[in-house]
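Take a look at the structure set out below.
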Amino acid sequence: MSAAVYEERLERMWQSRPGVLGWVMTTDHKRIGLLYFWTTLVLFAAGGAEALLIRTQLIQPNQHLVGPATYDELFTMHGVTMIFFFIIPMTTGAFGNYLLPLMIGARDMAFPRLNALSYWIFLGSGLFIYTSLFLGMAPNAGWFDYVPLASRQFDPGHAIDFYCLGIIFNGLASTLTAGNFIVTILKLRAPGMSFNRMPLFCFAFLAASWGLLFALPSLSADTIFLFLDRNIGTHFFDVAKGGSTLLWQHLFWIFGHPEVYILIVPAFGIATEIIPAFTQRRVVAFPLVAVAELLVVFIGFGVWAHHMFATGMPTVTVIFFAAATAAVVIPSTIQVFAWCMTFITGNAQFKTPLLFIAGFIFMFVAGGLTGIMFLAVPFDQQVTDTYFVIAHFHYIIFGAAVFPIFGGMYFWFPKVTGKLYFELPGQISFWIIFLGTNLLFFPMHLVGLAGMPRRNYTYPAGLGWGADNLAETIGSYITTVGILLLLGNLVVSYFRGPPAGADPWHGATLEWTIPSPPPEYNFAVIPKVSSAYANWDVEDREEDRRRLAEGVMVLDEGHEQPVSSPVDGWFAEIAEMPHDSLWPIVLAVALSVVFVLLLLHLWMGTAFALAGVMLALLGWHGEEPEETDA
Amino acid sequence: MSDYAAGVRRGGPGLAVWGMAMLVASEATLFGTFIGSYYYLRFGAQHWPPPGTPEPRVVVPLILAGVLATTSLPMQLAAMAARRARLWAARLLLVWALVVQVGYLVYEVHDYARQLQHSAPQDNAYSSIYYTLLGADHVHVAVGIVLVVWLLWKLLRGLTTYRLGAVQVVAFYWHAVNLLTLVVVGVLLSATL
C-alpha cells in the first residue's frame, strides 16, 4: 500500500461526526483545544471589560461611575475570571490540549473522553459563576475571598456561595485536565522519546499539571469549609467558636502561590518553543531549564505565607517564608539567563512571536525584581494592600503569562489554520500592547508607594494620585486597542492570509512535521524521535517517510495509540482509544444541576441529581472498546 | 498490529491504573488538607475537644477500621484472579469484600447518626472538622461500594480486557480508601491522647 492509502484509512478511522454534533461529541484534543480557546477568549473579554470599568472609575478622583458595591463585584469578578477562567484554561486547556499530543507524537490525550468532560465542566462552571453577575449576586469579597468579610454575617445572600461552588466546580475541570496531562506526558510519548528528548514545553506543562493536581485540593477544602460555615452553620473560620480566620488565608495561599507558577510556567513553555524557532538554535542549558521549570513549581509550594506577612505571624515563620521565597529566584533566573543566552548566541529574528517573548522577559524581570522587594518584611508590611502589590503581580501575570499567550497565538496560528498572519500589523500590535501595559501598570508602583490602597472604589483629590491614575487608565485603553488589533489581525489572516505550509518557521518540535491544519489522526506514522528538537533531525524524518511507505508504525487497524514506559519512552503496548461520545456533556450537565441545586439548598434534589451523575457514569462505562474476551 | 507487536515490552501499569493514581493523589491531598486543618485548629485551641463535647470512642472505631482494611486482601486477590481469567473466583472475592464493606458502612452511618444526637457540627470548630473529616471518609467508602457493585454487575456478563482493567483500578481505589480510613481514624482518635 502507498502512503496515500494509509492516510486515507487513518482519515476514515479518526474522522469526527459532521456538524454541531461532531463538536458536542468530540474527543479530539485539537477540537477540545479550540473549544477552550474560543470560550476563554469570550471570558477574557468579560474580564477585560471589568478591568476597563475599574480603570474608568479610577480615571480621576471622586468618580461615581459605579458605586462601591458594584466596584467590589467588578474587581472580584475580574480576578476570578482572569485567573480561573482565562489564563489557566487558555494555557492548559487551549494551548496544552491542542499542542501537547502533537509535540510528543501522540494521536490524542491519554483519556480523550475525560478531556471532553473537563471542557464541558469548565464551560458549566463559567456559565454558573457568570449567572451570578446577571442576577446581581456576583462574588464581591475579592478573588482571595477573605473571611470574616466573606462570612454569612458580613456577606449575606448568594454572592459568596456562587464563589465557593463555582470555584469547586471549576477546580474539578482543572484537576481532570491536570491528571490527563500528566498521564499523557508520561505514557503517550512517541516510542524513543525518553525524558531527555522531551520538548521543554512538555516539561513546563508537566510541572504546571503537578502543581494543579496538588494545589487545587487546598482551595477545594477551603471553599468547602466556607460553604459549610455559611450554609450549615459550622465554625471553621469563626474565632468565637474555636475556628480561625487565618486558616482561610493559609489554605487559600497554599493553593494561591503555586497557582502563580501554574499560571506562568506554561507561558515559560511557550517561550521555550518560540525562542529556538526564531533563533534557529537549541535552548542553552536544556537540562537546567527543564529542571528549573519543575523546581519553580516545587519550591512554589513552600512560599505561601509571604502573602500573609502583615497578619502578625511569628517572626521565625516570616523569616522562613521570606528565605523560601528567595529560593524561587534561582530556578527563575536560570531560565531567564538561558533564554537570553539563546537570543545572544542564536540568529534572532524579531518576528511578532519573538517580540512578545522579548517583552515577556522584560516584564518578568521587572515583576520579579519588585517581587524580591517583598522579601524585606518591613517593606512588605508597608506596601501591603497598596497599588504597589497590584503593579507587581500584573507585571507577572499580564507580562509573564499573557504576553507569551499572545506570542503563542501568533506562533501557532499557521499550524492551527494553515494560514500566515500579517507581520506588520502583528508587530504594531506588540508595540501597542507593550507600551499600553507599561503605561497601565508602571505608575501603579508610584501610587502604591505614595500609599494608595487597593480595592477602594474611589479616592479623594489632593493626594497626588490623579496624574498616575489618569495615565493608568489611558494605558488600559491603549492595551485594549493593541489586543483588538491582534485579534483583528488573526481574524483577517484566517480569511485572507497566504497559505502557511507545514512548517513556516522551521520550528523545532514534532507539530511542524505534519500538515497545517493537522489531520484528525495527527501523525500518519508514529514518529521516530532521537532528540528534543525532532523536526531538525532530518534523518529521523526521512525514516518516518520510509516507514509510512512500508506501513511500519502506521497503526491503521483501529483507533490505536502506542503507549510507552514513563521515563525511557520504551514501546510498551498499543491502546485502543475511545471514539466520540455524548456522555461527557451529559455528565457535565448532570454535575451542573448538582451545583445549582446545592446553591438553592435543595438537598433532596441534589441527591437526585447525584443519582443522575451516577447514571451518566454508568452510561459512560457502558461504552467499552471493541475487543475480544480476555 | 503485527508490524509493531514485535519487540513490545510490557511497561508496567496500564493507562487506567495511572488515571486512578492521579485521582488518588488528588484525593490524598484533599484529605491531607483536611487533616492539616484539624491540627491547625487543634494547636490553636486550649481544650481539644472543647469542654462539653464528648471525646471520640476509641476501641470500636479502631477495630472497625482494621476490619475494613482487611478487605484489601480479597480486592487484591480478585484483581489477581481476574488477571488469570478466573471469573468465578474474582466474583466471589468481590462479594466477600463487599459484604465486609457494606457491614462497615452500615454500622458507621448508624454510629454517625448516634453521635449527632450528643454533639453537632454546629457546636464548635472541633465538631465541625470532626464530622467533616469522618463524613468525607464515609463518602469515599460509599463510592467504593458503588464501584464494587458496578464491577460485579459488569462481571456478570463475562470478563474482557476493559473489565480486567476495571477490577485492578477498583482494587487500587480500595487500597487507598482503606489506608485513608486508618489515617482518618487515627487522626480523630488522637483527640483522646
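Heads up: the protein sequence lines correspond to chains A and B, in order. This note's numbering runs 96 ahead of the 1-based position in the first sequence. This note's numbering runs 28 ahead of the 1-based position in the second sequence. We put the CB at the ideal spot given by N, CA and C, even for glycine.
Rounded to the nearest whole angstrom, the C-alpha separation of A/Y573 and A/F140 is 15 Å.
Between A/F452 and A/F526, the alpha-carbon positions lie close to 6 Å from each other. Counting along the chain, A/V621 sits inside no beta strand (DSSP E), nor does DSSP assign it H or E at all.
Three or more beta-carbon pairs separated by less than 8 Å link the segment 599-610 of chain A to the segment 508-520 of chain A, which places the two stretches in contact.
Around B/G72, the beta-carbon contacts reaching into chain A at under 7 Å are S340. By the rule that beta-carbons nearer than 8 Å mark a contact, B/Q150 touches chain A. Below 8 Å, enough C-beta pairs join the segment 645-664 of chain A and the segment 100-116 of chain A to call them touching: three or more. Under a criterion of Cβ atoms nearer than 8 Å, the residues of chain A adjacent to B/G40 are, in order, S661, P662, A668.
For A/W134, the number of other beta carbons within 10 angstroms of its own is below 16, and it is reported as exposed. For A/K515, the beta-bridge partners assigned by DSSP are A/P595. Apart from the 5 residues on each side of it in sequence, A/F348 sits with its Cβ closer than 6 Å to the Cβ of F240, D318 in its chain, given in chain order. Linking B/L92 to B/A56 through their CA atoms gives a straight-line distance of about 21 Å.
In terms of beta-carbon proximity, B/A219 stays away from the interface with chain A, with every pair separated by 8 Å or more. Contact of A/F207 with chain B is assigned, a C-beta pair being separated by under 8 Å. Check the Cα spacing between A/Q249 and each of A/I281, A/G267, A/D334, A/D640: the tightest is with A/D334. Judged by beta-carbon spacing, A/M649 lies beyond the 8 Å limit of A/R642, meaning their Cβ atoms are not closer than that value.
For the segment 391-414 of chain A, the set of residues with a beta-carbon nearer than 7 Å to any beta-carbon of chain B is empty.
Assignment of A/I328 by DSSP, reduced to helix, strand and coil, places it in the coil class. Within chain A, not a single residue places a beta-carbon under 8 Å from that of B/T99; the smallest gap is close to 22 Å. With a threshold of 16 other beta carbon atoms within 10 Å, B/Q74 falls short and is exposed. No Cβ of chain A is located within less than 8 Å of the beta carbon of B/V205.
When C-beta atoms of the segment 217-235 of chain A are compared with those of the segment 154-165 of chain A, fewer than three pairs fall below 8 Å, so the two segments do not count as touching. The contact set of B/L69 on chain A, defined by CB atoms closer than 8 Å, consists of F332, G338, G339, S340, L343 in chain order. DSSP, read as helix, strand or coil, puts A/T480 in coil. What A/L566 touches in chain B, judged by beta-carbon distance under 8 Å, is nothing: the nearest beta carbon there is about 44 Å away. Within the DSSP secondary-structure output, A/S660 pairs in a beta bridge with A/F667. Cβ atoms of A/P235 and A/H125 stay farther apart than 8 Å, at about 32 Å.
Under DSSP, the beta-bridge partners assigned to A/E672 are A/E656. Where B/K182 is concerned, the enclosing alpha helix (DSSP H) starts and stops at 153-183. The CB of A/K126 never comes closer than 9 Å to any CB in chain B; the least such distance is about 20 Å.
Counting only Cβ-Cβ distances below 8 Å, B/F200 has no contacts in chain A at all, with the closest Cβ about 14 Å away. With its beta carbon at least 8 Å from every one in chain B, A/G715 lies outside the interface.
As the crow flies, the alpha-carbon of A/N443 is around 28 Å from that of A/N534.
DSSP places A/P521 in the helix class (H, G or I) of the three-state scheme.
Counting only Cβ-Cβ distances below 8 Å, A/A317 has contacts in chain B at L58, T61, F62, S65, in chain order.
For B/A204, the CB contacts under 6 Å within the same chain, skipping 5 residues up- and downstream, are V52 in chain order.
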